[in-house]
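Participant: Once you've had a glance at the structure underneath, I'll fire off some questions.
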Amino acid sequence: MKKNDKSSLAAAAAAGPKRHRAPRWLRMLWRSKTGLIGFVIVTVVLVFAVFAPWIAPYDPNAINPVDMLKPPAFMEGGDMRYLLGTDNLGHDIFSRIVYGARISMLIGVCSVVVAGFIGTLFGLLAGYYGGILDAIIMRITDAFHAIPRTLLALVAVSVVSGGSVTTLIVVIGITGWITYARLIRSEVLSLKEREFVKAAITIGTPDRTIILRHILPNVFSSFIVVSTLAVATSILAESSLSFLGLGINPPNISWGGMLSTGRNYLATNWWVATMPGIALTLTVLGIMFLGNWLRDLLDPYNQGLQ
Amino acid sequence: MEMQQQTQRKEVLLEVDHLNTYIKTEDRVLQPVRDVSFQVRKGELLGIVGESGCGKSMTSLSIMGLTPKNITVQANHLLLGGKELTKLSRRELREMRGKEMAMIFQEPLTSLNPLFTIGYQLTETIRLHNQVTKKQAWERAVEMLKHVEIPRPEHVMKEYPNALSGGMRQRVMIAIALANRPSLLIADEPTTALDVTIQAQILYLMKQLMKQYDTAIMLITHDLGVVAEVADYVLVMYAGQVVEEASVYDLFRRPLHPYTRGLMNSTIKVHQSEEKLDTIEGTVPSLADMPAGCRFNPRCPFATAACRDKEPPLAEVLPGRKVRCIRWNELGGEGHGEQ
Chain A
0 MKKNDKSSLA AAAAAGPKRH RAPRWLRMLW RSKTGLIGFV IVTVVLVFAV
50 FAPWIAPYDP NAINPVDMLK PPAFMEGGDM RYLLGTDNLG HDIFSRIVYG
100 ARISMLIGVC SVVVAGFIGT LFGLLAGYYG GILDAIIMRI TDAFHAIPRT
150 LLALVAVSVV SGGSVTTLIV VIGITGWITY ARLIRSEVLS LKEREFVKAA
200 ITIGTPDRTI ILRHILPNVF SSFIVVSTLA VATSILAESS LSFLGLGINP
250 PNISWGGMLS TGRNYLATNW WVATMPGIAL TLTVLGIMFL GNWLRDLLDP
300 YNQGLQ
Chain B
0 MEMQQQTQRK EVLLEVDHLN TYIKTEDRVL QPVRDVSFQV RKGELLGIVG
50 ESGCGKSMTS LSIMGLTPKN ITVQANHLLL GGKELTKLSR RELREMRGKE
100 MAMIFQEPLT SLNPLFTIGY QLTETIRLHN QVTKKQAWER AVEMLKHVEI
150 PRPEHVMKEY PNALSGGMRQ RVMIAIALAN RPSLLIADEP TTALDVTIQA
200 QILYLMKQLM KQYDTAIMLI THDLGVVAEV ADYVLVMYAG QVVEEASVYD
250 LFRRPLHPYT RGLMNSTIKV HQSEEKLDTI EGTVPSLADM PAGCRFNPRC
300 PFATAACRDK EPPLAEVLPG RKVRCIRWNE LGGEGHGEQ
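Here the protein sequences come in this chain order: A and B. Residues in the first sequence are numbered from 0 upward in steps of one, following numbering that gives the first Met the number 0. Residues in the second sequence are numbered from 0 upward in steps of one, following numbering that gives the first Met the number 0.
If you want it as structure tokens, here you go:
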């Protein structure tokens, strides 16, 4: 199918009715190399997160004093048993990265759901009703905007004496809603002036129906794109908090926490910090790639082209 | 002749009495619609004609209660079927829309939600004001599509708007607007964005449906040809005011206001021998800078000192004919316009 797609495109077109043609999203994915890379990375991370106990060769919290600070398998002195080496307590780094994907994905996705829900709600209200409501909501987002997000999250986590996954989801979610509120508001402002919304009003459609049927579905594609990118940002936010010791506490494993441990061994045993760092970087990069590709996929101006 | 036209008019459906709209700006209050009064009668097609910016659309939006937030609407009466529209709550007004009055717009290409099928949008409209099952609504929707002469309605019901042409979409919009049998349909330049051949079809269709559904239509247009084609009665607006009101027959036989005459002279006629088309000199004055006296005086070839001095009233000068011009009698003598 892979080769088929490019070479026999003209033939397929000539043949008339579409037979054996992959769905549009798949064809577009194949065509966009970065999209494909992103898709593969995100899939791998998701598989890690879901099937961690089956993939990880060791218990990630098993302390093994005999095998402390072993270098990765491909290095001199490396041990084939520990693919990416071990840390100061003899934890298998690969197993920890696999388990760390769970926390990253869980917090990344859930906090985006929280942020997306709050932000969309306020964005719809502000954009549709305008006036004083709009002014109030927008001033609140301005206030949020004025404070760096990490700082805000730091303060919030310390206030609720953090550590739990739920706390992190809520805190990262709440500090992230403004992006949605602003995006959705601006989309609603332009959609409100569109003829089909006006036409719906002239036949007596109630506000609720207009918002839910005519406006919300039309902001969906921007919502998805921003959400994807927001997952990446949230994962970074979680890692930063964990790195600073205010995020996930042991025995839960977070890439940020691993980085924090590895920092002390950077000069002598670089892999302890570098491996989770690479995992984090690749994941964020993969999500960004996927987001860019989704934007192209969902862009209505692209619909006509293949 | 004029008497005869008068007596044939039917029961009043919409009564607009001294409609004014105001826009508050930083330093002053502008008035896009000024003292507009007219009536739409049952089963009648009223054409409202005028250049861009003369207040046509603002008038219709005021009736629908859809003026932008910064605009204040005032009227002695806005009566539709005996209900005072200005006194209705937001909710009551919303319930009137679609059921008692509906509106179609200029742009059929963007008037349908691109994400839902025609069938979905049409059945939702029907279910909005009627307690019917989905199946019943679906059947009524197919029926509506047949009425607006869409071929293969069952098939079109399952299509998304992008699969239809502009003319087809405007037919669907008409079907949606008429789905709940409103007594008044406001059509704001419904054919402007369409091909000329399609224009005539749509106009004919509207006229036909008007009879079938016993709906009155308020047709807003800048095209006198359209008015001549379908209107029963005509309102000519200029700079926010009504300048002439007459039956379509009287108006085209003998336009009384210099502006109406100007409009007629600036349409292309088949037997026109001159190379150059007559135009009305100048442009519609801006809201912020209305001339004193008659608002048309700076562009009027017949303006006198008296015209610049005092604003002329809209007077019923002949039975069933109103004109806002003090010199109509001197000027409107000779026959003008199309036969």
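For glycine and all other residues, C-beta sits at the position ideal for the given N, C-alpha and C. Model, not experiment: these values are computed from the prediction.
Would Thr-24/B be called buried (16 or more neighbouring beta carbons within 10 Å of its own) or exposed?
Facilitator: Thr-24/B should be labelled exposed.
Participant: How about Asn-87/A and Tyr-264/A: are their beta carbons less than 9 Å apart?
Facilitator: Against a cut-off of 9 Å, the Cβ pair of Tyr-264/A and Asn-87/A comes out as a contact.
Participant: Work out the CA separation of Val-155/B and Ala-291/B for me, nearest whole Å.
Facilitator: One C-alpha to the other measures close to 55 Å.
Participant: Which runs of the alpha helix (DSSP H) fall wholly inside the stretch 180 to 249 of chain A and span at least 4 residues, in chain order?
Facilitator: Qualifying alpha helix (DSSP H) stretches, in chain order: 194 to 201, 215 to 242.
Participant: Mapping the DSSP letters down to three states, classify Thr-124/B as helix, strand or coil.
Facilitator: Three-state result, Thr-124/B: helix.
Participant: Using C-beta distances below 8 Å, list every residue in its chain close to Pro-312/B, excluding the 5 sequence neighbours before and after it, in chain order.
Facilitator: Excluding positions up to five away in sequence, the list reads Arg-323.
Participant: Against chain B, which members of the stretch 148 to 167 of chain A pass a CB distance test of less than 9 Å?
Facilitator: Correct list: empty, as no residue qualifies.
Participant: Return no unless some Cβ of chain B is closer than 9 Å to the Cβ of Phe-222/A.
Facilitator: Not one chain B Cβ lies under 9 Å of Phe-222/A.
Participant: For Leu-183/B, which of Asp-194/B, Asp-213/B, Lys-321/B, Leu-163/B has the nearest alpha-carbon?
Facilitator: Of Asp-194/B, Asp-213/B, Lys-321/B, Leu-163/B, the residue nearest in Cα terms is Asp-213/B.
Participant: Between the alpha carbons of Thr-33/A and Leu-284/A, how many angstroms are there, rounded?
Facilitator: If I take the Cα positions, the gap works out to 10 Å.
Participant: Figure out for me which residue from Glu-43/B, Arg-170/B, Gln-30/B, Gly-42/B has the closest Cα to the Cα of Ser-61/B.
Facilitator: Comparing Cα-Cα distances from Ser-61/B to each of Glu-43/B, Arg-170/B, Gln-30/B, Gly-42/B, the minimum goes to Gln-30/B.
Participant: May I ask you to report which of helix, strand or coil DSSP gives Lys-9/B?
Facilitator: Correct three-state label for Lys-9/B: coil.
Participant: Do you know how far the Cα of Phe-143/A is from the Cα of Ile-177/A?
Facilitator: Whole-angstrom Cα-Cα distance: 7 Å.
Participant: Would DSSP call Asp-187/B helix, strand or coil?
Facilitator: Note: Asp-187/B maps to strand in three-state DSSP.
Participant: Between which residues of its own chain and Asn-328/B is the CB-CB distance below 6 Å, once the five residues before and five after are set aside?
Facilitator: So no residue of the chain qualifies.
Participant: Let me know the secondary structure DSSP gives Met-102/B once reduced to three states.
Facilitator: The answer is strand: DSSP assigns Met-102/B an E or B state.
Participant: Counting C-beta neighbours from all protein chains within 10 Å, is the total for Gln-211/B 16 or more, i.e. buried, or is it exposed?
Facilitator: Under this definition Gln-211/B is an exposed residue.
Participant: Pick helix, strand or coil for Asn-3/A, following the three-state DSSP scheme.
Facilitator: With a pLDDT of only 44 at Asn-3/A, under 50, the local geometry of the prediction cannot be trusted, and the value read off the model is given with reservation. Helix at Asn-3/A.
Participant: Round the Cβ separation of Val-241/B and Gly-52/B to the nearest angstrom and send it over; I've been treating them as touching at under 8 Å.
Facilitator: With 8 Å as the limit, Val-241/B and Gly-52/B do not qualify as a contact, their Cβ atoms being about 15 Å apart.
Participant: Is the Cβ-Cβ distance between Ala-101/B and Leu-18/B less than 9 Å?
Facilitator: It is not a contact, given that the beta carbons lie outside the stated cut-off.
Participant: Please identify, using Cβ separations under 7 Å, the residues of the stretch 97 to 113 of chain B that lie next to chain A, in order along the chain.
Facilitator: Residues passing the 7 Å Cβ filter: Gly-97, Lys-98, Ala-101, Met-102, Phe-104, Glu-106, Thr-109, Ser-110, Leu-111, Asn-112.
Participant: Between Ile-252/A and the rest of its own chain, which residues show a CB-CB distance below 7 Å, the 5 nearest in sequence each way excluded?
Facilitator: Pro-59, Arg-95, Tyr-98, Gly-99, Ile-102, listed in sequence order.
Participant: Got a sec? Which residues, its chain only, sit under 6 Å from Ala-192/B by beta carbon, not counting five neighbours each side?
Facilitator: Correct list, in chain order: Gln-105, Glu-106.
Participant: Between the Cα of His-128/B and those of Ala-227/B, Thr-109/B, Arg-96/B, Ile-103/B, spot the shortest distance and give me the residue it belongs to.
Facilitator: Looking at the Cα atoms, Arg-96/B is the closest of the given residues.
Participant: Look at the alpha carbon of Met-217/B and the alpha carbon of Lys-134/B, and state the distance between them as a whole number of angstroms.
Facilitator: In a straight line, the C-alpha of Met-217/B is about 33 Å away from that of Lys-134/B.
Participant: Any chance the stretch 198 to 214 of chain A sits against the stretch 268 to 277 of chain A, with 3 or more Cβ pairs inside 8 Å?
Facilitator: Contact fails: fewer than three Cβ-Cβ distances are below 8 Å.
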